[in-house]
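Notes follow once the structure below has been shown.
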Amino acid sequence: MSWKERLHDAIDPALRDEIDTFATQIELRRQGKLEETVFAELRLRRGVYGQRYDNGQRNDGSETRTLHYPSGDLTKGPNTVWDAPGMMRIKLPYGALTAAQLEALAEVAEEYADDVVHATTRQDVQLHFVHIEDTPDIMRRLAAVGITTREACGNVVRNVAGCPLAGVCHDEAFDITPYARACAMYLLGHPDAQAFGRKFKISFSGCKEHACGLATMHDLGFVARVRPRADGTVQRVFEVHVGGGLGAVPHQAKLYDEALPVQELLPLTQAICRVFAAHGEKRNRARARVKFLIAKIGLDAFRELVEAERQKLAPDPRWTAFLDALHAHDDKPLHAAAPLEARALEALEDDKAAAFARWRSTNASSQRQPGYSVVTVTLPLGDISARQLRALASAAREHCGDTIRVTVEQNLVLRWVPDRALIALWRALGAAGLAEPGAGSIVDVTSCPGTDTCKLGISASRGLAAELRTQLSARNLYLDEAVKGLRIKVSGCFNSCGQHHVADLGFYGVSRKVGSHAVPHFQVVVGGQWSENAASYGLAIGAVPSRAIPQAVALLLGDFVDKRERGERFQAYTRRVGKVALKASLAPLAAVPAYDGDRSYYSDWADPREFTIGDMGIGECAGEIVSPLEFGLADSERVVFEAQLALDEHKSHSAAEKAYRAMLTAASALVRSLPEGDDVAPTASADSDGDEGVVSTFRARLYDTKLFFDPYAGGKFANYLFRAHRERGAVIDVDRARQRVEEAQLFIEAAHACSARIA
Amino acid sequence: MDPLLNIDIHRDSEAVAHPALATQRISLALELEAALDRDALITALHRFIRDDHFADEIPVDVANYAHLADGPQVLLICHYGQLSYDVEGELHTLRWSSRRTRQRDFETRLRHAADVLLRAARLLGESDGVDLRARQGVLRFAIRDRLAAPDSAETRAAVEPYLASLAETLGVTLQLVGHASSRRAS
Ligand code: SF4
Numbered sequence: 007m008s009w010k011e012r013l014h015d016a017i018d019p020a021l022r023d024e025i026d027t028f029a030t031q032i033e034l035r036r037q038g039k040l041e042e043t044v045f046a047e048l049r050l051r052r053g054v055y056g057q058r059y060d061n062g063q064r065n066d067g068s069e070t071r072t073l074h075y076p077s078g079d080l081t082k083g084p085n086t087v088w089d090a091p092g093m094m095r096i097k098l099p100y101g102a103l104t105a106a107q108l109e110a111l112a113e114v115a116e117e118y119a120d121d122v123v124h125a126t127t128r129q130d131v132q133l134h135f136v137h138i139e140d141t142p143d144i145m146r147r148l149a150a151v152g153i154t155t156r157e158a159c160g161n162v163v164r165n166v167a168g169c170p171l172a173g174v175c176h177d178e179a180f181d182i183t184p185y186a187r188a189c190a191m192y193l194l195g196h197p198d199a200q201a202f203g204r205k206f207k208i209s210f211s212g213c214k215e216h217a218c219g220l221a222t223m224h225d226l227g228f229v230a231r232v233r234p235r236a237d238g239t240v241q242r243v244f245e246v247h248v249g250g251g252l253g254a255v256p257h258q259a260k261l262y263d264e265a266l267p268v269q270e271l272l273p274l275t276q277a278i279c280r281v282f283a284a285h286g287e288k289r290n291r292a293r294a295r296v297k298f299l300i301a302k303i304g305l306d307a308f309r310e311l312v313e314a315e316r317q318k319l320a321p322d323p324r325w326t327a328f329l330d331a332l333h334a335h336d337d338k339p340l341h342a343a344a345p346l347e348a349r350a351l352e353a354l355e356d357d358k359a360a361a362f363a364r365w366r367s368t369n370a371s372s373q374r375q376p377g378y379s380v381v382t383v384t385l386p387l388g389d390i391s392a393r394q395l396r397a398l399a400s401a402a403r404e405h406c407g408d409t410i411r412v413t414v415e416q417n418l419v420l421r422w423v424p425d426r427a428l429i430a431l432w433r434a435l436g437a438a439g440l441a442e443p444g445a446g447s448i449v450d451v452t453s454c455p456g457t458d459t460c461k462l463g464i465s466a467s468r469g470l471a472a473e474l475r476t477q478l479s480a481r482n483l484y485l486d487e488a489v490k491g492l493r494i495k496v497s498g499c500f501n502s503c504g505q506h507h508v509a510d511l512g513f514y515g516v517s518r519k520v521g522s523h524a525v526p527h528f529q530v531v532v533g534g535q536w537s538e539n540a541a542s543y544g545l546a547i548g549a550v551p552s553r554a555i556p557q558a559v560a561l562l563l564g565d566f567v568d569k570r571e572r573g574e575r576f577q578a579y580t581r582r583v584g585k586v587a588l589k590a591s592l593a594p595l596a597a598v599p600a601y602d603g604d605r606s607y608y609s610d611w612a613d614p615r616e617f618t619i620g621d622m623g624i625g626e627c628a629g630e631i632v633s634p635l636e637f638g639l640a641d642s643e644r645v646v647f648e649a650q651l652a653l654d655e656h657k658s659h660s661a662a663e664k665a666y667r668a669m670l671t672a673a674s675a676l677v678r679s680l681p682e683g684d685d686v687a688p689t690a691s692a693d694s695d696g697d698e699g700v701v702s703t704f705r706a707r708l709y710d711t712k713l714f715f716d717p718y719a720g721g722k723f724a725n726y727l728f729r730a731h732r733e734r735g736a737v738i739d740v741d742r743a744r745q746r747v748e749e750a751q752l753f754i755e756a757a758h759a760c761s762a763r764i765a
Numbered sequence: 018m019d020p021l022l023n024i025d026i027h028r029d030s031e032a033v034a035h036p037a038l039a040t041q042r043i044s045l046a047l048e049l050e051a052a053l054d055r056d057a058l059i060t061a062l063h064r065f066i067r068d069d070h071f072a073d074e075i076p077v078d079v080a081n082y083a084h085l086a087d088g089p090q091v092l093l094i095c096h097y098g099q100l101s102y103d104v105e106g107e108l109h110t111l112r113w114s115s116r117r118t119r120q121r122d123f124e125t126r127l128r129h130a131a132d133v134l135l136r137a138a139r140l141l142g143e144s145d146g147v148d149l150r151a152r153q154g155v156l157r158f159a160i161r162d163r164l165a166a167p168d169s170a171e172t173r174a175a176v177e178p179y180l181a182s183l184a185e186t187l188g189v190t191l192q193l194v195g196h197a198s199s200r201r202a203s
């Protein structure tokens, strides 16, 4: 008996056929009858993703070695070995889960992965170290409990995110759950959403003030509002935002519609999908998100296209059918509301009472419905073991039923917990090691997978997050109140999956060359705003060695506590003090001890191997002498920092110009470092002939030769320079200036990486 | 000579036919007397990869979950299985879980799993900072395959002769301590 036979009647027939088809595609690929790029996109659309080292190469700290899998040359995508373990992303619309689903996740994690389920910042969950041939059975077992992995990855509509507190929140305009659900169901496999050049992310928020749904940093974000009618009733509408996104260059979404009637939710979304499919960039992945389309043609032209599409759409009964059954999928409270009795609290021993109070203050909050609480289960780094999942399922069954949701901060919430059950639930969670306090506080550090499992990771974001978590937890009791509520978010690279742009303190991984060695660093990003749906993004103030980041955090927090004005919040403080002073305060930490003095700087957190980027070893170079190239790159960092300052002073034109000049400086330094390059590489200067020379030489010697190409992003970063060069003299608005500053930062990072390759 | 190479297994035809005996997912674990230092373990496992200690299992990477209060702490991920240091309440174990195997039958799969586990324990015991002390005479067994080996009397009957034989070879006695597919030889 196979899982296919065993679960035949338990799976929706359409889903069953899809999974069987995928199993056949696996077999065809094994036999070489399906082209690898086609198979790669097919598996991505099923949530079957690559993972670090899946090219069959791994650096062991001294050399890059081939992993000799039995599958030999067979691949599951370009440069992706068949037998190499991969990641499986499991899509959970608005993060919703039932107890049975938790148990199914536990079982597949135990049997096919590494015993752990990982919650992501987009309310998905992931399994790591999965073999491609096990994926159809994983899908079947999940499908049997109502979960699909379909379109969890690939150039499609990704998981539809939504507030985890929807329906129970005090501040929401209305419960967005049925709307998010209808949107997710409608678009899943929809023909109008299959021909995108890139992924498309949608999110729903119940209010504007809080960040639970992060609506304005999505490709398409809906914020619930109510509008009074003349007859005294209210109308439900959505504020619609388009073209937001973090990624390498973050974009704030643009307001598309202030008050979209809910009846128009699905047709408008469909029309936007059609416009994105028809007009979005297809060839250049780096500029294929909808934010680039809107930036290119402007919001008004985008709106015209969408409205024209909307007019063409033939009415579909599903657009409004769900409105007649808005409450069909509401949570059903398992128990009647009941207060937490004073005598139950009094019965706790002193130490237990203090621990419970501490946990309750951060991890339980009252629902809009009196007598019920929402409980947050803090998952360190978003991880939960199979055993813990089973314990949580059993606690949910006992206390609140199928009311579980994943949050964008990589935690889980249990809703509809009667207040009376809080102590019992806390005990049950505690027995499973799940009653850690501090949800939503500074110790609840968010992190992307980084170098642990992500192919693009540069530095160990999880290692750093774990270290910060440990150090801050030890001090949490003594931390100043002003600091406790701050958010720290870490990404392993500039791609921002850890959402570092919207944290009070964000970090993203970069590499620096010190002498002949690569040293893991993190760029420090300050001033991002988490509230108001992530209303503004922070900017990098400089790179600090990975080892020194905990000191940098302590220093920045200490200064904040000492120097803040009465009632001043961190974001306002960073604005007042200014980036120059903040950067200066970190300067002493930027120094890297000599290789023979302190080797710890040359490896990353929780990874004793000597640090390297990619599988390429760092070659011999000129000892400890600082090369002109290193000087040039340092100079480019100075210029880009000045660009950031200009941006802060609302000098868009100056910021854009400096960002361009920073790229030119780095480009010039690189070109001049090439053998026999001095005679052909002019220095970046204020004179435009010189600029032309730098750009054309850079193009000829580093772009056309692909020397500057990133292994994954190709020529993307070079194009930032070419574009800025083309735009010389053009009027630059504040959005474009900000993007250019971000682009310049990335260009310089690429120049650092290129310099290591050249060396 | 390694005693594991001389396992004498008696089986009846009914046992051979049981699907549990076709499973690839055999898990064997040693109970540890004390917690392991996670950092030292991570370093040792990276070194295992570098020094080709488990080349046959095709080691891929070291996974770190030391932040979990209950569950795997540190794993050596291999193509053919996973070596993990695991914490469950007060219970600390070193486990080898096979995932895909090259061995044809249950007997050799079980024997191989025990061999890998004991070899790993021995090597870790010799590694800097990894103070590995296993409880003598105790081995935990599980099949992580709910399709082939459901928690039932039939599964238990199918695997018991093999476990008994392994227990005898290792000089321990078989004792049921949990559900049918997770038991302890002590
Ligand atoms: S931010 Fe970078 S390292 Fe982190 S998951 Fe995204 S791509 Fe990978």
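Those protein sequences? They're chains D and F, same order as listed.
If you're matching positions, the first sequence starts at 7 in our numbering and goes up one per residue.
If you're matching positions, the second sequence starts at 18 in our numbering and goes up one per residue.
The beta-carbon is built from N, C-alpha and C at its ideal position, and this holds for glycine as well.
For residue i and chain D, any beta-carbon pair shorter than 8 angstroms?
{"i": "F/VAL189", "result": "no"}
{"i": "F/PRO89", "result": "yes"}
{"i": "F/HIS70", "result": "no"}
{"i": "F/GLN99", "result": "yes"}
{"i": "F/ALA80", "result": "yes"}
Starting from residue i, follow the alpha helix (DSSP H) in both directions and report where the run begins and ends.
{"i": "D/LYS302", "result": "296–303"}
{"i": "D/TYR262", "result": "That residue, D/TYR262, is in no alpha helix (DSSP H); its beta strand (DSSP E) goes 260–267."}
{"i": "D/PHE145", "result": "The sequence shown places Met at residue 145 of chain D, rather than the Phe named in the question. First-last of the alpha helix (DSSP H) with D/MET145: 141–149."}
{"i": "D/ILE32", "result": "19–36"}
{"i": "D/VAL586", "result": "585–592"}
{"i": "D/ASN725", "result": "722–732"}
{"i": "D/ASN369", "result": "356–369"}
Which residues mark the beginning and the end of the beta strand (DSSP E) in which residue i is found?
{"i": "D/HIS247", "result": "240–248"}
{"i": "D/CYS279", "result": "Element bounds for D/CYS279: not the beta strand (DSSP E) but the alpha helix (DSSP H), 271–285."}
{"i": "D/LEU420", "result": "418–424"}
Can you check which of these residues, the options, is closest to residue i by C-alpha distance?
{"i": "D/LEU420", "options": "D/PRO443, D/LEU171, D/LEU34, D/PHE513", "result": "D/LEU171"}
{"i": "D/LEU108", "options": "D/ARG35, D/GLY251, D/LEU418", "result": "D/LEU418"}
{"i": "D/SER367", "options": "D/THR382, D/ASP357, D/GLY377, D/ARG374", "result": "D/THR382"}
{"i": "D/CYS175", "options": "D/ALA762, D/SER372, D/ARG231", "result": "D/SER372"}
{"i": "F/ILE59", "options": "D/PRO614, D/PHE715, D/HIS257, D/PHE647", "result": "D/PRO614"}
{"i": "D/ALA673", "options": "D/GLY735, D/SER606, D/ALA756", "result": "D/ALA756"}
{"i": "D/HIS216", "options": "D/ARG316, D/GLY203, D/ALA230, D/VAL380", "result": "D/ALA230"}
For chain F, find out if any of its Cβ atoms is closer than 8 angstroms to the Cβ of residue i; answer yes or no.
{"i": "D/LEU387", "result": "yes"}
{"i": "D/GLY439", "result": "yes"}
{"i": "D/ALA7", "result": "In the sequence on display, residue 7 of chain D carries Met and not Ala. So yes, D/MET7 belongs to the interface."}
{"i": "D/VAL412", "result": "no"}
{"i": "D/ARG729", "result": "no"}
{"i": "D/ARG64", "result": "yes"}
{"i": "D/HIS341", "result": "no"}
{"i": "D/VAL122", "result": "yes"}
Check the Cβ of residue i against every Cβ in chain A and list those closer than 8 angstroms, keeping chain order.
{"i": "F/VAL77", "result": "Structure shown: chain A not included; protein chains present are D and F."}
Evaluate contact between the region 49–60 of chain D and the region 72–88 of chain D, counting only Cβ atoms and requiring at least three cross-stretch pairs below 8 angstroms.
Yes: the two stretches touch, three or more of their Cβ pairs being nearer than 8 angstroms.
Per the contact definition of three or more C-beta pairs closer than 8 angstroms, is the region 94–114 of chain F in contact with the region 40–47 of chain F? Taking 8 angstroms as the limit for Cβ pairs, the verdict is that the region 94–114 of chain F does touch the region 40–47 of chain F.
#### Entry: Touching by the beta-carbon criterion (3+ pairs, under 8 angstroms), the region 399–415 of chain D and the region 510–528 of chain D
Because the criterion of three Cβ pairs below 8 angstroms is not met, the region 399–415 of chain D and the region 510–528 of chain D do not touch.
Hey, is the region 125–135 of chain D in contact with the region 85–96 of chain D, meaning 3+ C-beta pairs nearer than 8 angstroms?
yes
For the region 465–474 of chain D against the region 375–391 of chain D, do three or more pairs of beta-carbon atoms, one drawn from each stretch, fall closer than 8 angstroms, so that the two count as touching?
yes
Exercise. Can we say the region 168–185 of chain F touches the region 145–153 of chain F, given the rule of at least three CB pairs closer than 8 angstroms?
Worked result: The answer is no - the region 145–153 of chain F does not touch the region 168–185 of chain F, with fewer than three Cβ pairs under 8 angstroms.
Using a Cβ distance threshold of 8 angstroms, determine whether the region 207–226 of chain D contacts the region 236–247 of chain D, with at least three qualifying pairs required. yes
message = Quick test of the definition: if touching needs 3 or more C-beta pairs under 8 angstroms, does the region 249–267 of chain D touch the region 301–318 of chain D?
response = The answer is yes - the region 301–318 of chain D touches the region 249–267 of chain D, with three or more Cβ pairs under 8 angstroms.
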